[in-house]
Amino acid sequence: MQDVTTPPQVPVGKVKSFGPLGPKYEIGQPLRQLDDGDWLVEIVLVESGEKAEYRLTHIYDDPDAA
């Protein structure tokens, strides 16, 4: 079992998209663990440069950007 204080390894800098045709985002650093064990990760939307928080489980499900 993973130590709750140790952030998970994430592919920082990798570009993914929200679904097959959605906007692209760049993966940033893990921010904090949620009560359900998932992690919030900082992402940056490629087109706007806007920063947001996104669940790591969703990042794993999203496709790599083309």
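For the sequence shown, this note's numbering assigns the number 372 to the initial residue and increments by one for each residue that follows.
Built from N, CA and C at the ideal position, the CB exists for glycine as well.
*asked:* With H, G and I counted as helix, E and B as strand and the rest as coil, what does DSSP make of residue 427?
replied: Helix.
*Cβ-Cβ distance between residue 432 and residue 387 below 7 Å*: At least 7 Å separates the beta-carbon of residue 432 from that of residue 387.
*The beta strand (DSSP E) enclosing residue 388, as first and last residue numbers*: Bounds of the beta strand (DSSP E) holding residue 388 are 386–388.
*asked:* Quick check: the Cα distance between residue 384 and residue 408, rounded to an integer number of angstroms?
replied: Between the alpha carbons of residue 384 and residue 408 lies a distance of about 23 Å.
_Beta-carbon proximity list for residue 398, same chain, < 7 Å, skipping 5 on both sides_ = Leaving aside the five residues that flank residue 398 on each side, the residues in its chain whose CB is nearer than 7 Å to its CB run, in chain order, 381, 382, 383, 384, 385, 387, 412, 414 and 430.
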